[in-house]
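Numbering (this note's numbering), first residue to last: 10 to 158. Let me begin by presenting the structure, written as C-alpha cells, before commenting on it.
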Amino acid sequence: MKTIVALVDFTDASSKVLKHAHMLTSAFGSRLILMHIVPLEVPVAVYGAEVAPVPVEPTPSTVVASQTKLDELLQAVTRLGVNATALQFTGPVAETVLAETGRLNADLVIMGSHHHNALYHLFIGSTTNDVLKRAPFPVLVVPCDMAES
C-alpha cells in the first residue's frame, strides 16, 4: 500500500480518521495525503422561487481558513514522523473526492461517517454513501461515534 488518502473535514471525525491513517501508514510505510474538499455553497432558497438555488464558489476567506486548518493538521501529522502532504480542492464533495483520489492512484481512502438521521439523508444525502457507491478503490469508513481505545 503506497498511497493512503485521509479525508478531513475538521470535525471530530477527522481526528479519528487521522488516528487510523497514522496506524496504517506506519504499518505499511505508506505515503499519506490529507485531503480536504471545500464544498460549494448553496444560497438560501427563497420561498416561492421557481428556480432552485445554484451552488456557488465559497468565499476566498472560507478557502483560506480551510487551508490554514489543513496546514495545521499536516504539521501535527508530520511531527509524528509520517511522510505526508496535504491537498485542498473546491467543488461538489463526493465527485471531487472520486476524481482526485483516482488521479492520485490511491491504494486506500479513509473517511469518517457522521451518522445523520434518515431525514437528513433524504434531503441532503451522505458523502460517505456517495463515495462508497462509486469508488473504484478501497474505502475505510471510520464511524465518528466510535469509542476511543
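Note that beta-carbon positions come from the ideal geometry of N, C-alpha and C, so glycine has one too.
With the cut-off set at 8 Å, would you say residue i and residue j are in Cβ contact?
i, j, result
"residue 121", "residue 22", "yes"
"residue 82", "residue 43", "yes"
"residue 117", "residue 149", "yes"
"residue 12", "residue 141", "no"
"residue 93", "residue 41", "yes"
"residue 103", "residue 136", "yes"
"residue 151", "residue 63", "no"
"residue 14", "residue 115", "yes"
"residue 78", "residue 146", "no"
Considering only DSSP beta bridges, list what residue i is partnered with.
i, result
"residue 118", "14 and 148"
**Request:** Write down every uninterrupted run of the beta strand (DSSP E) in the region 28-105 whose length is 3 residues or greater and which is fully enclosed by it, in chain order.
**Result:** The beta strand (DSSP E) runs lying completely inside the region 28-105 and spanning 3 residues or more are 40-47 and 93-99, given in chain order.
**Prompt:** If you pair each beta-carbon of the region 96-111 with each one of the region 36-50, do three or more pairs fall below 8 Å?
**Reply:** Under the Cβ criterion (8 Å, minimum of three pairs), the region 96-111 counts as touching the region 36-50.
**Prompt:** Below 8 Å, can you find three or more Cβ-Cβ pairs linking the region 70-87 to the region 25-42?
**Reply:** Touching, per the Cβ criterion.
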